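Q: Encoded as structure tokens, here's the structure I'll be asking about.
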Amino acid sequence: MDTFLAALFSGTSRGAIYALVALGLVIVWRGAGVVNFAQMGQAMFSTYIASTLIQNGNSYWVGFFVALFAGAALGALLDILVMRPLSNKKKTELLSSESMRAAIPVIASLGILGVLQALAGIIWAAEERGFPAPAAQEGFTVAGSVMPFTSFDVFVISIVLVTLTMTTIFFKKTGVGLAMRATALNQEVARLSGIRTNFTRTLSWAISGAASSLAGLLITPTSNLSPNTLDLVLIIGFTAAVVGGLNSPAGAVLGGFILGLVISFVTFYLSPEDVFLSILAVLLIVLIVKPRGILGGKDSRRV
Amino acid sequence: MSSTAKNPSIIRRSLRRTIFFTIAILAIGSTFEPYNQAQLAVVLIYFIGVLSVTLLTGISGQISLGQGALMAVGGYTTALLMTNYSISLWIAVPASIVGAGVAGALLGIAAARLSGPYLAGTTLVIALAIPTIANRFMSVFKGDEGLPVDVGYPPTWFTNFFGEPTYEEWQLYVVLPFAAIALFFASNLLLSRTGRIWKSIRDHETAAALTGVNYSRQKIYVFIIASIFAGLAGALYGLRGLVGPSVYPVALSLTLLTAAVLGGIRSIFGAFIGTVIVVFLPDWIDLVLGNFELSEQVSNFMPALISSLLLILTVVINPAGVAGGSHLHKHK
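If you're matching them up, the sequences are chains S and R in order. For the first sequence, the working numbering assigns the number 576 to the initial residue and increments by one for each residue that follows. For the second sequence, the working numbering assigns the number 682 to the initial residue and increments by one for each residue that follows.
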């Protein structure tokens, strides 16, 4: 029973962070039609900025908010510099087919990831460094045994839940959110009805950048910070988004928690070596049953 | 599928390309010193792997970030045959493509239902998960230690005829026939009816279906063929010394994709150019950076920085790649 509770707690805490990563991916996919493999590279970059600020004697919260802002700015910058020129190339023959329109931005984002990791290596060297947590990392004691559940985990789960609620409200209740949903649905029609689609695309990159920076800030205290540490988080977050349905923010959150729990239970009951194979198994089972993810809607084709 | 046989001009064209390629590599390789001969062998190995990306992504529009996993399948098949049954590499390497082909068929059956980002994600997780099997079944695959294999020494008839080659030179000679065969088959496929069928899936699945193409089945064929190329590349890659999880990381899959895009994702010539760029770029950068006083921290990351920048610039400015310009005629 103790193992079960331990797995449940640590799975929920990790799952909250994966949900955040998945949400960032879904926002860019819906808003700009791009799967952003550079997302956790951006998060790594802004976490390094926070880490440098904190090492130079600033408080945790200065680093925290500067990192969120830097993540948003970097996301917007990448859209303006790389993705917007790319989307204007749709008229060329190479990008005329749907399959290549999906493939080419993926390749571009892999290039961005490479650039960010190399730059981080050049600026901050490649050695691992720790990252502070704003709350205690000693486990709570439940019925005499120490659980792997800390005040920091409570902090993580609550801040993630607040972010998820705020995002939902933003998309459902505000005018800008409505414009972004319209752009996601049909860019041409959105533009014809007066929505500045370039602006909403850049905005979705910025929001996703901030969300993933938050994920970076929340996950590095329990791992370490190096140019490559967040690669695995991206792959898990991406799997979460695909499992939940790339089109559905609610699905991303669901997928994040599913993945967090699966990883945690496999680690506790089987062995850490089986984690990736179990992720693959979950992914394949979900995609064979529902190719668009659990909450991804119907797979429709149109001529 | 067998229309290539009815069309001798295609075979003749492919054969001409292959012979030209082989002679060019032999001529260039003989002027190189051992280090660059080994690098050239890596170019040929990567070239086979990049051809699998060209066929899969460039020709039939299926993005894969997991070709490295299929390379691992090929590598392990060869290594197990060579170490456990002491089979000669000339039999073990061709046998490895059977293993890779079976893995590709399984992958293809799953992948035929997926498209775009879903496919990219699934293949990425495959690239991550497959090498961990080596640690799961320690007794067979020997975990992180891996299985040491190499190209061995040339047979006596070879040394009698051509003299004693250096180890690096022998590596090159072992790899070259396989690269030439891969080039021949890839060229045939691209020129033939099969190649046109795959292009039609890439351009519009529904339109292809309306002209009588069973695109689900064709996608599985594409995956099998591409896996065979990747498996062959992986087998040869392992013969450089070791077959282990660290030899086939996720980064390997991404390197193949980078090479394919840089050179031109739709052409065989582009695949070769891209491979040359990716393999020799670190050396070229070192050569240039040698003129500047840079700390190790900077120079270590320069090759990665420049090749990633090149990748972004290629995609944004000229997505058709170095070799792509003339092949793309507008048809809209």
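Even glycine gets a Cβ: it sits at the ideal position worked out from N, Cα and C. What you are looking at is a predicted structure, and each value in this text was computed from that prediction instead of being measured.
(1) How many Å lie between A785 of chain S and N895 of chain R at the Cα?
(2) Quick check on T842 of chain S - is its C-beta less than 9 Å from some C-beta in chain R?
(3) Between the C-alpha atoms of W604 of chain S and N761 of chain S, what's the straight-line distance to the nearest angstrom?
(4) CB-CB under 7 Å to Q748 of chain R, same chain, minus the five flanking residues each way: which ones, in chain order?
(5) Can you pull the chain S residues whose beta carbon is under 8 Å from the beta carbon of F818 of chain R, in chain order?
(6) Quick check: the Cα distance between F832 of chain S and A591 of chain S, rounded to an integer number of angstroms?
(7) Kindly indicate the opening and closing residues of the alpha helix (DSSP H) around V734 of chain R.
(8) Taking the alpha helix (DSSP H) that P798 of chain R falls in, what are its first and last residues?
(9) Below 8 Å on the Cβ atoms is my guess for T939 of chain R versus L864 of chain R; work out the distance and round it to an integer in Å.
(10) What residues of chain S sit near V959 of chain R, judged by a beta carbon separation below 9 Å?
(11) So, helix, strand or coil for L805 of chain S, using DSSP?
(12) At least one CB of chain R closer than 9 Å to the CB of A786 of chain S: is that the case?
(13) Listing by chain order, which chain R residues have their CB less than 7 Å from the CB of L661 of chain S?
(14) How big is the Cα-Cα spacing for V864 of chain S and G586 of chain S?
(15) Run through DSSP, which three-state label would P866 of chain S get?
(16) Applying the criterion that 16 or more other CB atoms from any shown protein chain within 10 Å of the CB defines a buried residue, is L805 of chain R buried or exposed?
(17) Using the C-alpha atoms, what's the distance from N869 of chain R back to G1002 of chain R?
(18) Since I believe A808 of chain R is in contact with A750 of chain R (beta carbons under 8 Å), could you give me their beta-carbon distance rounded to a whole number of angstroms?
(19) If we cut at 9 Å on Cβ distances, does Y902 of chain R have a partner in chain S?
(20) When DSSP labels each residue in this structure, what does G921 of chain R get in the three-state scheme?
(21) Would you mind stating whether I909 of chain R and G739 of chain R have Cβ atoms separated by less than 9 Å?
(22) Quick one: what does DSSP say R794 of chain R is sitting in, helix, strand or coil?
(23) In angstroms, rounded to a whole number, what distance separates the CA positions of I700 of chain R and R693 of chain R?
(24) Give me the subset of the stretch 920 to 948 of chain R whose CB atoms are less than 7 Å from a CB atom of chain S, sorted by chain position.
(25) Among R:S690, R:P775, R:Y716, R:A810, which residue has its Cα nearest to the Cα of A914 of chain R?
(26) F612 of chain S to P836 of chain R, Cα distance in whole Å?
(27) Interface residues of chain B around I679 of chain S at Cβ under 7 Å?
(28) Between the alpha carbons of A711 of chain S and V729 of chain S, how many angstroms are there, rounded?
(29) What does the Cβ neighbour count give for G971 of chain R, buried or exposed, with the cut at 16 atoms within 10 Å?
(30) So, does the CB of Q743 of chain R fall closer than 9 Å to a CB anywhere in chain S?
(31) For P829 of chain R, which of helix, strand or coil comes out of DSSP?
(32) Taking only beta-carbon positions, decide if E848 of chain S is within less than 9 Å of chain R.
(33) Return the chain-ordered list of same chain residues with a C-beta closer than 8 Å to the C-beta of Y834 of chain R, the five sequence neighbours on each side being excluded.
(34) Could you tell me which chain R residues have their CB closer than 9 Å to the CB of T814 of chain S, listed as they occur along the chain?
(35) Determine, using beta-carbon pairs with one atom in the stretch 871 to 887 of chain R and one in the stretch 709 to 716 of chain R, whether at least three such pairs fall under 8 Å.
(36) For a test of the three-state rule: what should DSSP assign to I947 of chain R, helix, strand or coil?
A: In brief:
(1) Whole-angstrom Cα-Cα distance: 44 Å.
(2) No, no contact with chain R.
(3) Looking at the two C-alpha atoms, the distance is approximately 13 Å.
(4) Hits under 7 Å: G730, S733, V734, A911, S934, L937.
(5) The premise fails here: F818 of chain R is roughly 10 Å from chain S at the closest Cβ pair, so nothing lies under 8 Å.
(6) Going by C-alpha positions, F832 of chain S is about 6 Å away from A591 of chain S.
(7) Start and end: 715 to 734.
(8) Counting along the chain, the alpha helix (DSSP H) containing P798 of chain R begins and ends at 797 to 810.
(9) Contact flag wrong, Cβ pair sits at about 20 Å.
(10) The CB of V959 of chain R never comes closer than 9 Å to any CB in chain S; the least such distance is about 12 Å.
(11) Coil at L805 of chain S, not helix or strand.
(12) By this cut-off, A786 of chain S is not an interface position.
(13) Going along chain R in sequence order, the residues near L661 of chain S (Cβ under 7 Å) are V996, V997.
(14) Counting only the Cα atoms, G586 of chain S lies some 24 Å from V864 of chain S.
(15) Under the three-state reduction of DSSP output, P866 of chain S falls in the coil class, being neither helix nor strand.
(16) L805 of chain R should be labelled buried.
(17) Each residue's Cα considered, the two are about 22 Å apart.
(18) About 5 Å separates the two Cβ atoms, so the contact holds.
(19) No - not a single Cβ of chain S is within 9 Å of the one on Y902 of chain R.
(20) Note that residue 921 of chain R is Arg in the sequence shown here, rather than Gly. It is coil, neither helix nor strand.
(21) Against a cut-off of 9 Å, the Cβ pair of G739 of chain R and I909 of chain R comes out as no contact.
(22) In the structure shown, R794 of chain R sits in coil (DSSP, three-state: anything other than H, G, I, E or B).
(23) When rounded, the distance between both Cα atoms is 10 Å.
(24) So the close ones are L935, L938, V942.
(25) Comparing Cα positions, the closest option is R:P775.
(26) Taking the straight line joining both Cα atoms gives about 48 Å.
(27) Within the model displayed, chain B is absent; protein chains S and R are what it includes.
(28) Cα-Cα distance, rounded: 10 Å.
(29) Exposed: under 16 other Cβ atoms inside 10 Å.
(30) So, interface residue.
(31) Strand, per DSSP.
(32) It does: the Cβ of E848 of chain S has a partner Cβ on chain R nearer than 9 Å.
(33) Excluding the 5 residues flanking it on each side, Y834 of chain R has same chain C-beta neighbours closer than 8 Å at W851, in chain order.
(34) Simply G802, T803, L805, V806.
(35) Not touching, per the Cβ criterion.
(36) What sits at residue 947 of chain R in the sequence shown is Arg, not Ile. Look at R947 of chain R here: in three-state DSSP terms it is coil, with no helix or strand label.
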